[in-house]
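Please read the structure below before turning to the comments.
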Amino acid sequence: MRELSIKIRGLKKSYNKEVLKNINLDIDNDSYFAIEGKSGSGKSTFMNILGLIEDFDDGEYSFNGINIKRGKDYSSIRLNNIGFIFQSYNLIPTMTSKENIMLPLLYANKTEVDVESLAKDLDIYDLLDKDVNILSGGEKQRVAIARALILNPSLIIADEPTGNLDEYNRGLVFELLKREHKKGRGIVMITHDPSTAMQAKKIYRLHQGELYEKKECF
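Its first residue numbered 2, the sequence shown is counted upward by one per residue in my numbering.
Rendered as structure tokens:
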């Protein structure tokens with residue numbers, strides 16, 4: 002697994018009001034974090050900044066030794082180092098499972114990836130040629146996880162990854178995330194659900210724009 006080293010210091014973000022204040026966080030291959038918070042607490046904003054989708058206003062962000070600056074395009078770093086898993090799956094319904102899984106390969110101009118082995122590993126091999134619009138929620142999420150893993154990222158960002166799933170499929174997804182973490186992937190889960198956050202090794206809470214370790218929360 003590639004080395005992962007993220008250092009965030011004094012990060013701030015404002016819209017009409019300050020959304021994130023003085024955020025400090027280190028993430029590496031051993032990190033399995035949950036970022037917990039109520040709706041409107043800044044979780045999505047933080048996720049987008051962490052995932053190199055959105056700019057921050059002030060502070061420092063270093064990704065594997067690269068100082069992230071405002072206004073620059075870091076899509077190549079995002080593509081090759083970060084895998085995203087979303088509550089709503091974000092699959093293309095007119096495509097098969099295999100076509101959805103392979104989408105990141107098209108953007109990365111890569112073809113020599115063993116999709117079949119990855120699908121077998123996630124127990125979705127029999128779904129590869131099926132359109133995703135006929136799959137169950139649990140099957141869609143495993144396809145989405147395969148897509149997130151296809152370029153072997155060192156960081157997985159999971160946004161409410163079990164929010165649309167029943168208890169059985171929630172358990173499957175949690176086991177898959179734990180297994181991938183044991184391989185050396187850093188994992189950050191964004192959630193409002195305390196039971197989901199409890200799956201992580203360390204829990205942080207976003208409250209009024211500030212990030213606290215859960216034991217320090219009120």
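Glycine included, every Cβ here is placed at the ideal spot set by N, Cα and C. Please read all numbers here as calculations on a predicted model, not as lab measurements.
- The straight-line gap separating the alpha-carbon atoms of residue 48 and residue 174 is approximately 20 Å.
- Between residue 72 and residue 56 the beta-carbon gap is near 7 Å, inside 8 Å, which marks them as a contact.
- Contact between the stretch 178 to 186 and the stretch 133 to 145 is absent: fewer than 3 CB-CB pairs across the two stretches fall below 8 Å.
- Secondary structure note for residue 50: it is in no beta strand (DSSP E), and the uninterrupted alpha helix (DSSP H) holding it is 44 to 51.
- A Cβ-Cβ distance of about 7 Å is found for the pair residue 12 and residue 50, placing them in contact under the 8 Å criterion.
- Residue 124 counts as exposed, since fewer than 16 other C-beta atoms from the protein chains shown sit within 10 angstroms of its C-beta.
- The Cβ neighbour count for residue 155, taken over all protein chains shown within 10 Å, is at least 16; the residue is labelled buried.
- For residue 123, DSSP records no beta bridge to any residue.
- Secondary structure in the stretch 143 to 198: the alpha helix (DSSP H) runs of 4 residues or longer, each lying completely within the stretch, are 168 to 183, 195 to 198 in chain order.
- The continuous alpha helix (DSSP H) containing residue 108 extends over residues 98 to 109.
- Of the candidates 46, 89, 134, the residue whose Cα lies closest to the Cα of residue 97 is 134.
- Residue environment analysis places residue 181 among the buried positions, since at least 16 neighbouring C-beta atoms fall within 10 angstroms of its C-beta.
- Shortest Cα-Cα distance from residue 202 to any of 170, 35, 14 involves 35.
- A Cβ-Cβ contact shorter than 8 Å links residue 43 with residue 210.
- In the assembly as shown, residue 52 is a buried residue. Its beta-carbon has 16 or more other beta-carbons within 10 Å.
- A residue is called buried when at least 16 other Cβ atoms come within 10 angstroms of its Cβ; residue 66 does not meet this threshold and is exposed.
- Less than 8 Å divides the Cβ of residue 9 from the Cβ of residue 26.
- By DSSP's assignment, residue 64 forms a beta bridge with 7, 67.
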